[in-house]
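Notes for the one structure printed next.
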Amino acid sequence: MKRTPLQNVGLYALVIVIVLQAVFPFYYAILTSLEDGQALFEVNYLPEQVNLANYRSMLTEGVFGRQILNSVFVATVVVLISLTLAVTASYALSRIRFRGRGLLLLTILSVSMFPQIAVLSGLFEVIRYFGLFNSLWALVFSYMIFTLPFTVWVLTAFMRNLPVEIEEAAIMDGASSLTIIRRVFLPLMWPAMVTTGLLAFIHAWNEFLFALTFLSTDSQRTVPVAIALISGRSEFEIPWGNIMAASVIVTLPLVMLVLVFQRKIVSGLTAGAVKG
Amino acid sequence: MLFLVPMLVTLFVVAAWPLMRTIWFSLTDASLDLISQAEWVGFRNYLEYVDYGDGEGEYFGLLVDQRWWRAVWNTVWFSVVSVSFETLFGLIIALVLHQKFLGRGIVRAAVLIPWAIPTIVSARMWGWMMHDQFGILNDMAERLGLISEPIAWTASPDTAMIAVLIVDIWKTTPFMALLILAGLQMVPDDIYEAAKLDGVPAFRTFRKVTLPLILPAILVAVVFRALDALRIFDIIYVLTPNTDATRTMSVFARENLFDFDQFAYGSAASTVLFLIIAVITIAFIMATRMDLEGKRS
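Line by line, the protein sequences are chains A and B.
First residue of the first sequence: 127, per my numbering; consecutive thereafter.
First residue of the second sequence: 378, per my numbering; consecutive thereafter.
Structure representation (structure tokens):
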């Protein structure tokens with residue numbers, strides 16, 4: 127559609143406003159993280175100094191480095207386990223006809239709607255029973271509640287759209303179901319798996335409530351909890367510079383992922399919702 | 378069938394079983410350190426009438442707890458306001474992104490940034506921007522002449538909820554925009570061309586053609602967001618802890634579970650929150666008659 131010059135000005139003005147509001151808070155966090163001492167407490171809109179003191183103190187003093195590794199470990203293992211479980215399950219859900227399949231899918235989907243707080247006390251008991259309290263495995267285990275239903279749902283929808291002929295040929299040749307999954311489906315599935323894997327990773331990386339509740343010592347914590355708990359002795363001693371540096375460190379990889387995999391993430395998000 | 382077992386067992390252990398235990402705890406006198414010795418007490422945590430013996434008595438329990446009802450009200454208010462604004466802003470952003478313009482790809486990626494930032498980090502970033510003395514938000518408002526003296530956004534009970542709303546709306550509008558944009562992209566272009574040939578004004582086309590066609594996508598997005606908003610916890614825990622003005626159902630439940638040593642009472646609150654969300658979910662699934670078997674496709 128052709129636009130009049132006036133409409134063009136309006137459109138670009140709107141675009142600028144939209145981009146500014148989306149980017150500014152993160153820009154300001156970066157700007158603050160590069161300031162030290164008194165400069166921190168003077169409002170400025172453009173960068174005035176580049177001082178890496180906050181980053182140095184976050185990464186060399188204390189356990190923040192360790193906490194980053196904790197987060198990387200938890201998110202990676204969560205992605206691997208939920209993809210493994212989901213690929214096999216979605217093969218069955220999309221290819222084998224059985225009674226109650228619709229109801230089963232519905233149940234799985236409804237699990238992803240569970241408020242986390244509703245399972246918190248029950249999960250707390252289970253985790254203590256297995257002796258996982260204050261262990262990273264407690265998070266790997268409990269994060270399945272939101273990564274698994276979503277992954278199963280999206281992968282099932284994706285598999286359903288693959289033509290049946292490709293596996294019929296494999297069956298003719300006498301391949302077993304496991305071989306079909308490994309040799310026929312996995313090569314075709316990787317786009318969907320990258321998407322769901324990315325989303326599961328981001329979700330696990332950002333999760334707060336379980337991480338706050340099931341871990342109790344500083345060296346075990348993941349980064350969101352670590353950042354939430356940074357505080358000073360009083361309201362006036364909150365180390366804002368350090369908090370912003372830590373925030374930038376944990377957010378930068380995510381922002382990179384989003385910029386690089388923008389299309390994949392969008393298709394995954396909408397597949398989870400609009401397909402219904 | 379063997380393929381389904383690992384996934385189903387996992388979901389049972391992380392979801393179904395803990396949920397049943399939560400409901401069970403809400404009917405016991407469980408405390409944090411003595412979970413295993415919990416004993417059945419009936420519905421005492423929800424509602425109990427204590428007769429003082431002289432013809433007078435009093436009700437106790439969650440259902441007559443002022444703090445709980447305040448939390449319910451806060452949650453509902455938060456959900457309605459945040460989802461409304463997110464829908465409105467999401468729709469605007471989606472309509473803009475649907476246009477063709479220079480640098481659309483970059484803009485689309487930039488819009489996603491708030492979504493990618495961890496909730497905790499957003500809460501802290503905004504907490505700093507809303508700082509009463511050194512915050513840039515007060516500085517901007519003062520420069521624009523909107524306020525004469527600094528506002529204590531997060532500390533004052535009058536503005537605490539507004540602060541939480543701002544952060545949440547900022548963070549989740551991209552999600553809304555994306556879902557609505559996906560809906561917009563499914564509308565075939567020739568409809569617009571037909572409307573244009575017939576000389577229908579742009580706004581009328583939007584109201585009579587576009588809006589009805591993308592309404593299903595908007596509704597799905599609204600329901601997803603509403604279910605999410607009803608369980609809000611992170612932002613409030615970081616941005617405005619310990620104030621009646623923003624305590625929501627999730628915050629109330631966790632407080633009782635782990636801070637006040639009222640494990641059973643907290644479980645009762647969790648159970649009620651679960652029931653509310655379950656009712657909405659079931660109603661939604663029935664209303665949309667979701668295509669589960671993939672028959673339509």
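The beta-carbon is built from N, C-alpha and C at its ideal position, and this holds for glycine as well.
- Those residues of the segment 516 to 549 of chain B placed with their C-beta closer than 8 Å to a C-beta in chain A are D516, W547, ordered along the chain.
- For B/A471, no chain A residue has a Cβ inside 7 Å of its Cβ, as the nearest lies near 11 Å away.
- B/A641 is positioned such that its CB atom lies closer than 8 Å to that of B/T405.
- Chain B places no beta carbon closer than 8 Å to that of A/W279, leaving this residue out of the contacts.
- Assignment of beta strand (DSSP E) within the segment 427 to 462 of chain B, counting only whole runs of 3 or more residues, yields 434 to 437 in chain order.
- Secondary structure at B/E425: strand, using DSSP grouped into helix, strand and coil.
- Residue B/V649 holds the alpha-carbon nearest to the alpha-carbon of A/V245 among B/I662, B/A598, B/I659, B/V649.
- With a threshold of 8 Å between beta carbons, B/F635 makes contact with chain A.
- If you draw a straight line from the Cα of A/P350 to the Cα of A/L378, it is about 14 Å long.
- For A/Q346, no CB of chain B lies under 8 Å from its own CB, so it is not counted at the interface with that chain.
- Rounded to the nearest whole angstrom, the C-alpha separation of B/Y436 and B/V427 is 6 Å.
- A Cβ-Cβ separation of about 12 Å leaves B/R608 out of contact with B/A448 under the 8 Å criterion.
- When secondary structure is reduced to three states using DSSP, B/W505 falls in the helix class.
- Beta bridge pairing from DSSP links B/W547 with no other residue.
- Spatial neighbours of B/L474 in its own chain (CB-CB distance under 8 Å, excluding positions within 5 residues in sequence) are listed in chain order as R481, V484, R485, V488, A554, L558.
- With fewer than 16 neighbouring CB atoms inside 10 Å of its own CB, B/R581 falls in the exposed class.
- For A/A215, the neighbours in chain B by C-beta distance under 7 Å run, in chain order, F380, L381, M384.
- Taking a C-beta distance under 8 Å as the contact criterion, A/I156 and B/I497 do not qualify as a contact pair.
- Counting only Cβ-Cβ distances below 7 Å, A/L385 has contacts in chain B at A486, in chain order.
- DSSP places B/W530 in the coil class of the three-state scheme, outside both helix and strand.
- With respect to the C-alpha of B/F651, the residue from B/S627, B/D638, B/L634 having the closest C-alpha is B/S627.
- A/A337 counts as buried, since no fewer than 16 other beta carbons sit within 10 angstroms of its beta carbon.
- Of the candidates B/G432, B/G434, B/S403, B/S403 places its Cα closest to the Cα of B/F420.
- Distance from the CA of A/Q133 to the CA of A/F150, rounded to the nearest whole angstrom, comes to 25 Å.
- In the three-state DSSP reduction, B/T405 falls in the strand class (E or B).
- Taking the Cβ atoms as the reference, B/L616 lies roughly 6 Å from B/T531, within the contact range of under 8 Å.
- Chain-order list of chain B residues neighbouring A/M370: R501, M502, W505, by C-beta distance under 9 Å.
- Contact annotation: the segment 205 to 215 of chain A touches the segment 321 to 334 of chain A, with at least three C-beta pairs closer than 8 Å.
- In this structure B/S459 is buried. Its beta-carbon is surrounded by 16 or more other beta-carbon atoms within 10 angstroms.
- The contact set of B/I654 on chain A, defined by CB atoms closer than 7 Å, consists of M239, P241 in chain order.
- Interface with chain A (8 Å Cβ-Cβ cutoff): B/Q414 is excluded.
- About 5 Å separates the beta carbon of A/V205 from that of A/A326, a gap short enough to meet the 8 Å contact definition.
- Contact between B/V544 and B/W503 holds: their C-beta atoms lie close to 5 Å from each other, under 8 Å.
- In the assembly as shown, B/W445 is a buried residue. Its beta-carbon has 16 or more other beta-carbons within 10 Å.
- By the neighbour-count definition (other C-beta atoms within 10 Å, threshold 16), B/K573 is an exposed residue.
- The residues I306, V310, in chain order, have a CB closer than 6 Å to that of A/E293 in the same chain once the five nearest residues on each side in sequence are set aside.
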